[in-house]
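Peer 1: According to the numbering used here, the sequence shown holds residues 1036 to 1143 in order.
Quick reminder that beta carbons are idealized off the backbone N, C-alpha and C, glycines included.
This structure is a prediction, so every number in the text was calculated from the model and none was measured.
So that we are looking at the same thing, I have put the structure below in structure tokens.
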Amino acid sequence: MRTAIVGGGAAGFFLAINLKEMCPQMDITIFEKSKKVLAKVEVSGGGRCNCTNTLESKNLPSVFFAGEVLDIDGVTGGFNFQAAWTTAYTVACAISQQARCSQSPSEV
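See below:
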């Protein structure tokens, strides 16, 4: 299975790491528009998305949202990283279950 992660911020990288640990056979590519990955770690307000508790789009099956795209506002620091890591882990769990990977999230 091939997975594309759009965004090379904290959530994107954490998602890639968790997903690779859960599904070692998965081919993962991170796409980042800026020249310097992991440069932007501040979560900022913006657009809205329509997600389930797996953070999968209700309108676009197999499209998941994590990190800054979720419009979570907070003071730069631990809260922002926590939101990025938690949403990335949630998405990794959902994708690994869809892909029926050999390792469950509790085994990682």
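Since I believe G1043 is in contact with E1067 (beta carbons under 8 Å), could you give me their beta-carbon distance rounded to a whole number of angstroms?
Peer 2: Numbered from 1 along the sequence shown, position 32 holds the residue referred to as residue 1067. Numbered from 1 along the sequence shown, position 8 holds the residue referred to as residue 1043. So it is a contact: roughly 3 Å between Cβ atoms.
Peer 1: Count the other CB atoms, across all protein chains shown, that sit within 10 Å of the CB of L1054; report buried if there are 16 or more and exposed otherwise.
Peer 2: The residue you call residue 1054 lines up with position 19 of the sequence shown. Its Cβ being crowded by 16 or more others within 10 Å, L1054 is buried.
Peer 1: Under the DSSP definition of a beta bridge, which residues are partnered with T1064?
Peer 2: Here residue 1064 refers to the residue found at position 29 when the sequence shown is read from its first residue. T1064 is bridged to A1039.
Peer 1: Going by alpha carbons, who is nearest to C1128 out of F1116, F1048 and M1057?
Peer 2: Walking along the sequence shown from the start, residue 1128 turns up at place 93. Answer by Cα proximity: M1057.
Peer 1: Which same chain residues end up closer than 6 Å to F1049 when comparing Cβ atoms and leaving out the 5 residues on each side of it in sequence?
Peer 2: To locate residue 1049, count along the sequence shown from 1; it is residue 14. W1120 and A1123, listed in sequence order.
Peer 1: Taking buried to mean at least 16 other C-beta atoms within 10 Å of its own C-beta, is N1094 buried or exposed?
Peer 2: Your numbering for residue 1094 matches position 59 in the sequence shown. Result: exposed.
Peer 1: With distances taken between CB atoms, is the gap from V1041 to L1090 smaller than 8 Å?
Peer 2: Your numbering for residue 1041 matches position 6 in the sequence shown. Your numbering for residue 1090 matches position 55 in the sequence shown. Not a contact, by the Cβ cut-off of 8 Å.
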